[in-house]
Every structure is written in C-alpha cells, then in structure tokens.
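In the numbering used here, the protein residues as written are 17 to 303. By construction, the Cβ of each residue, glycine as well, lies at the ideal position given by its N, Cα and C atoms. Down below is the structure, laid out as structure tokens.
Spelled out as structure tokens, the structure:
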C-alpha cells in the first residue's frame, strides 16, 4: 500500500469515527459549550488529524485515544445530571457582573474581564447604556445575560390586564402540493376551507402551492410555485362563503380547545348550523 493510500484510509477513518463520537456525545451548540467541553472537542479533532499523518503510530492507538476523550466527558456529564455539587465543581458558578445597576469590580477581576470586553458583550446584546441595566451575569459558557431595569421592560397585555387568546404553534398544512390532513384537522379546519383560502391568494388548486402554513388564528401563509402570480380580485359572494367556512372552522377549533363541556357543545352546535346555512345558501352564492 502506497503512502497516499495509507493517508487516505486513515483520514477517512478518523473523520467517520469523529462524526460517530460527535453523535454519541450529543447535540449542543458551540455557544452553549463550557470551556471544558470546548477543549474536549478540540482535542478529539487534533487526535483525528494526527491519525491521518502519524503513520508511524498504529491506527488503533489513535482511535482508542479519541474514544477515551469522548467517553470520559460523557460519564462526567451523566454524573453532573445527578449531582449539583459535582456540577458546580466541574462547571463553576455564573458570575454577577452588574447588580442593582452597580458594576461589581471584584467579579470583573475574578473573571479576568476588562470593562472594554464587558461593554463589547453588552453592545452585542443591544445594551449601549449601563444606566439601562439592572443585572448582568456571566454564564458558565462565557456568555453575558442581561436584564433591563423594570421601568424599561416592554409592556405586555398582562401588565394592563388584557386577556389574550392562547396561541398554539403554527402548522405546515401543504408541502409540495400535498395537504397535511392531520395537521389541518387538529386545528379544526377542512380541505374545502383551505382550498378557499389559497384561492384567495392566487392558487387554483393545492398542486399550485409549494408550502402553506396556518396559525391558531386561522391566518394562512402560502408560497406558490409560480411567484409571478398576483392575488386576484375575489368575488364578493365567494368571499362571503369563505368567511362562513372560516367562522365554522373557528367554532370547531374553539370546541377542541375548551375544557368547559357546556361551551364545547355550544360551539359544536353553532358549527353544525353553519353547515345548514351554507347548504341553504349554496345556490345563491354561486356566480
């Protein structure tokens, strides 16, 4: 076997084994890694690179070394999950840098952090004024988390006593022209209603739609295969029919969400009345 062939085999083996170890160690974004975990990742990568060109050392020795660097951190992470004290020893504590609007100089020195470095991190969080900050904490991964002063916090509906409807996660209901009927029915809507909604936005059938998403309020976003199609002018009678179907779907949706048995039956009853209304008016709503 030539030297080039040896390097190729060892390189491919190292990369594949490193990918296997990465999956074994779990998913974690680079920003969320502690310094210790970052060092482990670099070490495994260095061993993998050395495996490629260190042909004088047996391949099994390198693979064993990579395995050791991967297994020990996994064992440590399992112990950390069960022991807060051990986790504190290995990962440390978050450090408060600003408390009650006051910079804690001793904690900056403890973390070897200059004011300039702290300001860079604060500006990356869109905080340019120290006077706006109530608390700033350096997390165990080196990131700085910031809390605004109470008077600068954004106003929420809860602050003014306003009750808002609970919103559920949006659902994809059409992919590549195919209707995701399960997602649609879980939100209480029908294919007929969905067809009416996409026709409002220029589609003639489901096959014209690349992707469509619906939110808990019944709003539908669609992306058509043909991006040059403009939204057509909707005929008034068809729009009325579509609105009735949407009202019916909303009632079905409300009946699925509520835990009140009386309200549930009321919503179902009115939804059935919408069916009768559409049947009675169907001959008059055609244009």
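Residue i, DSSP secondary structure in three states
i	result
residue 289	helix
residue 249	With a pLDDT of only 47 at residue 249, under the threshold of 50, the placement of this residue in the model should not be trusted; the figure read from the coordinates follows. Of the three classes helix, strand and coil, the one that applies to residue 249 here is coil, per DSSP.
residue 229	strand
residue 236	strand
residue 187	strand
residue 73	coil
residue 194	strand
residue 262	helix
residue 217	coil
residue 42	coil
residue 204	coil
residue 242	coil
residue 275	coil
residue 374	There is simply no residue 374 to check, as the chain begins at 17 and stops at 303 in what is shown.
Alpha-carbon to alpha-carbon, residue j and residue i
i	j	result
residue 249	residue 261	Reliability of the predicted coordinates at residue 249 is poor, the pLDDT of 47 falling under 50, and the value obtained from them is presented with this limitation in mind. Using only the alpha carbons, I get a separation of about 19 Å.
residue 23	residue 71	8 Å
residue 284	residue 241	37 Å
residue 174	residue 30	55 Å
residue 219	residue 232	22 Å
residue 61	residue 140	30 Å
residue 291	residue 178	33 Å
residue 169	residue 130	27 Å
residue 161	residue 155	7 Å
residue 198	residue 206	10 Å
residue 95	residue 53	15 Å
residue 211	residue 222	7 Å
residue 208	residue 257	11 Å
residue 265	residue 224	23 Å
For residue i, the nearest candidate out of the options (CA to CA)
i	options	result
residue 69	155, 223, 214 and 25	25
residue 201	272, 59 and 296	272
What ranges does the beta strand (DSSP E) occupy inside the stretch 91 to 178, keeping only unbroken runs of at least 3 residues that lie completely in it? Annotation: the stretch 91 to 178 contains the following complete segments of the beta strand (DSSP E) (minimum length 3 residues), in chain order: 111 to 115, 149 to 154 and 160 to 164.
Three or more beta-carbon pairs under 8 Å between the stretch 82 to 98 and the stretch 134 to 154, yes or no? Note that the stretch 82 to 98 does not touch the stretch 134 to 154; fewer than 3 beta-carbon pairs, one per stretch, sit closer than 8 Å.
Does the stretch 150 to 170 touch the stretch 116 to 135, meaning 3 or more C-beta pairs lie closer than 8 Å? Counting C-beta pairs closer than 8 Å gives three or more between the stretch 116 to 135 and the stretch 150 to 170, which meets the contact rule.
With three or more beta-carbon pairs closer than 8 Å as the criterion, would you say the stretch 187 to 199 touches the stretch 216 to 232? These segments touch.
At least 3 beta-carbon pairs within less than 8 Å: the stretch 72 to 82 vs the stretch 99 to 112: Short answer: they don't touch.
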